[in-house]
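K.L.:
Structure below; questions to follow.
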Amino acid sequence: RLSALSRRARPQPGRGPAWVSVPAMAEAIFLRDGDGFVPTELSAGPWDPGSQHGGAPAAQLARALEALPSEQPMRVARLTVELLRPAPMARLTVTAEAARPGRRVQLLTARLSAGETEIARATAVRIRAADVPFPAVADESPPPPPPEAGVDPRKGRWFGFGDAMDMVLVAGSIERPGPATVWFRLRVPMVEGEEPSPLQRVVAAADFGNGMSAVADFRDALFINPDLSVYLHRPLEGEWVALAARTFAGQDGIGLAESALHDRGGRIGRSLQSLLLDRR
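What follows is the structure, given as structure tokens:
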């Protein structure tokens with residue numbers, strides 16, 4: 088299901104906020120199919136053409152968790168996704184429940200399945216949201232430059248879930264190993280007909296941290312994350328989320344990617360990814 092009119096704009100490399108047209112794309116990352124969801128080509132990942140990018144199932148699990156009802160206003164403060172196996176480009180179903188209900192703190196769980204096979208699971212800590220005045224604690228690290236100050240780093244070579252995003256590089260490089268800071272904005276709904284929530288936008292972007300701050304060339308190395316944890320001390324405001332990402336590598340094939348998360352107003356949290364490191 089493609090839309091011939093779904094042409095969106097993307098920053099032109101080297102020209103900051105200048106814009107050019109891109110080809111038509113799917114209407115959303117997932118399409119509804121009864122009580123399940125069918126992934127479109129915009130969910131595809133970088134490691135296997137038959138598998139999804141980790142951000143797509145992670146955001147789908149986040150959507151299910153935050154939709155669980157509560158008697159008072161609550162917000163997800165921590166979300167951990169375990170990617171048990173590659174998510175196939177096939178129909179998926181999601182179930183979610185409150186494993187430990189509570190008035191102030193809740194533990195939520197969700198599962199993503201393809202047929203009878205469990206693909207991913209998630210746990211979330213949801214905390215009551217209330218007007219509790221505390222003195223503001225400033226982030227001592229400098230804020231990233233705004234997205235208008237950067238350039239699109241992809242140079243037309245991205246596909247799948249990466250093409251579902253606007254990306255703007257404002258520090259470092261994604262072509263050379265090392266830290267990098269990149270702004271992300273979902274260009275299409277996570278599920279057709281729905282506006283992505285702030286949590287979905289953050290989780291979808293947070294899974295890019297290991298790719299933005301790679302410790303080796305993508306053509307030579309694997310740095311696959313089997314999990315993703317996102318901590319948020321305040322919700323995302325607006326559509327843009329920045330990852331100031333850095334990857335650490337041990338000598339035994341295990342690594343860690345961590346990203347400071349920002350919106351235009353400042354720091355909103357942090358994300359972490361365990362990494363399987365290997366040579367192709």
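Heads up: the sequence shown runs through residues 88 to 367, numbered per my numbering.
Every residue gets a Cβ at the ideal spot worked out from N, C-alpha and C, and that includes glycine.
Can you tell me whether R119 is buried or exposed? The criterion is at least 16 other CB atoms within 10 Å of its CB, across all chains shown.
P.N.:
For the purposes of this step, residue 119 is taken as residue 32 along the sequence shown, with counting starting at 1. Result: exposed.
K.L.:
What do you get for E153, buried or exposed, if any count of 16 or more other CB atoms within 10 angstroms of its CB means buried?
P.N.:
Sequence index remark: in the sequence shown, residue 153 carries index 66 (1-based). With 16 or more Cβ atoms within 10 Å of its Cβ, E153 is classed as buried.
K.L.:
Do the stretch 153-170 and the stretch 329-336 touch if we need at least three Cβ pairs shorter than 8 Å?
P.N.:
no
K.L.:
If the criterion is Cβ atoms closer than 7 Å, does the pair V168 and L148 meet it?
P.N.:
Position 81 of the sequence shown, counted from the start, is the residue given in the question as residue 168. Position 61 of the sequence shown, counted from the start, is the residue given in the question as residue 148. For V168 and L148, yes; Cβs fall inside 7 Å.
K.L.:
State the DSSP-derived secondary structure class of H349, mapped to helix, strand or coil.
P.N.:
Looking up residue 349 in the sequence shown gives position 262. Strand, per DSSP.
K.L.:
What are the boundary residues of the beta strand (DSSP E) that includes L330?
P.N.:
The residue given as residue 330 occupies position 243 in the sequence shown. That run of the beta strand (DSSP E) goes 328-336.
K.L.:
Return the residue from the list A236, G142, V125 that minimises the CA-CA distance to G132.
P.N.:
Start at 1 with the first residue of the sequence shown, and residue 132 comes out as number 45. Residue G142 is the option with its Cα nearest to G132.
K.L.:
Per DSSP, what kind of secondary structure is L179 in: helix, strand or coil?
P.N.:
Start at 1 with the first residue of the sequence shown, and residue 179 comes out as number 92. The answer is strand: DSSP assigns L179 an E or B state.
K.L.:
Restricting to Cα atoms, I'd like to know which of S361, Y318, G353 is closest to F310.
P.N.:
Position 223 of the sequence shown, counted from the first residue, corresponds to residue 310. Looking at the Cα atoms, S361 is the closest of the given residues.
K.L.:
Going by Cα to Cα distance, which pick from M252, L166, D239, R172 is closest to I116?
P.N.:
Numbered from 1 along the sequence shown, position 29 holds the residue referred to as residue 116. Here the closest residue by C-alpha is M252.
K.L.:
Less than 6 Å between C-beta atoms, sequence neighbours within five positions excluded: which residues of the same chain meet that for E326?
P.N.:
Working through the sequence shown from its first residue, we reach residue 326 at position 239. The answer, listed in chain order, is R272.
K.L.:
Tell me which residue opens and which closes the alpha helix (DSSP H) that P144 is part of.
P.N.:
Within the sequence shown, residue 144 is the residue found at index 57, counting from 1. Note, P144: alpha helix (DSSP H), 142-153.
K.L.:
Excluding the five sequence neighbours on either side, which residues of its own chain have a C-beta within less than 6 Å of the C-beta of P104, listed in chain order?
P.N.:
Residue mapping note: residue 104 aligns to position 17 of the sequence shown, counting from 1. Residue confidence is low: P104 scores 30 on pLDDT, short of 50, so the model does not pin down where it sits. No coordinate-derived value is stated.
K.L.:
What do you get for G101, buried or exposed, if any count of 16 or more other CB atoms within 10 angstroms of its CB means buried?
P.N.:
Within the sequence shown, the letter at position 14 stands for residue 101. With a pLDDT of 36 at G101, under the threshold of 50, the modelled position of this residue cannot be trusted; read the value that follows with caution. Exposed, since its Cβ has fewer than 16 Cβ neighbours within 10 Å.
K.L.:
Let's test the definition: count the other Cβ atoms within 10 Å of the Cβ of I341 and tell me whether it reaches 16, buried, or not, exposed.
P.N.:
Position 254 of the sequence shown, counted from the start, is the residue given in the question as residue 341. It counts as exposed.
K.L.:
Three-state secondary structure (DSSP) at L129?
P.N.:
Residue 129 sits at position 42 when you count from the first residue of the sequence shown. Three-state result, L129: helix.
K.L.:
Just to check my reading of the structure: T182 and A197 have Cβ atoms closer than 8 Å, yes? What is that Cβ distance to the nearest angstrom?
P.N.:
Within the sequence shown, numbered from 1, the residue matching residue 182 stands at position 95. Within the sequence shown, numbered from 1, the residue matching residue 197 stands at position 110. 7 Å between Cβ atoms; contact.
K.L.:
Please report the straight-line C-alpha distance between Q139 and D226, rounded to a whole angstrom.
P.N.:
By 1-based counting over the sequence shown, the position of residue 139 is 52. By 1-based counting over the sequence shown, the position of residue 226 is 139. Spanning the two alpha carbons is a distance of roughly 34 Å.
K.L.:
Going by C-alpha distance, which of A303, D135, F295, P285 is nearest R172?
P.N.:
Counting from 1 along the sequence shown, the entry for residue 172 is found at position 85. Ranking the options by Cα distance to R172, first place goes to D135.
K.L.:
Is the CB-CB distance between V302 and P264 below 7 Å?
P.N.:
Numbered from its first residue, the sequence shown carries residue 302 at position 215. Numbered from its first residue, the sequence shown carries residue 264 at position 177. Yes.
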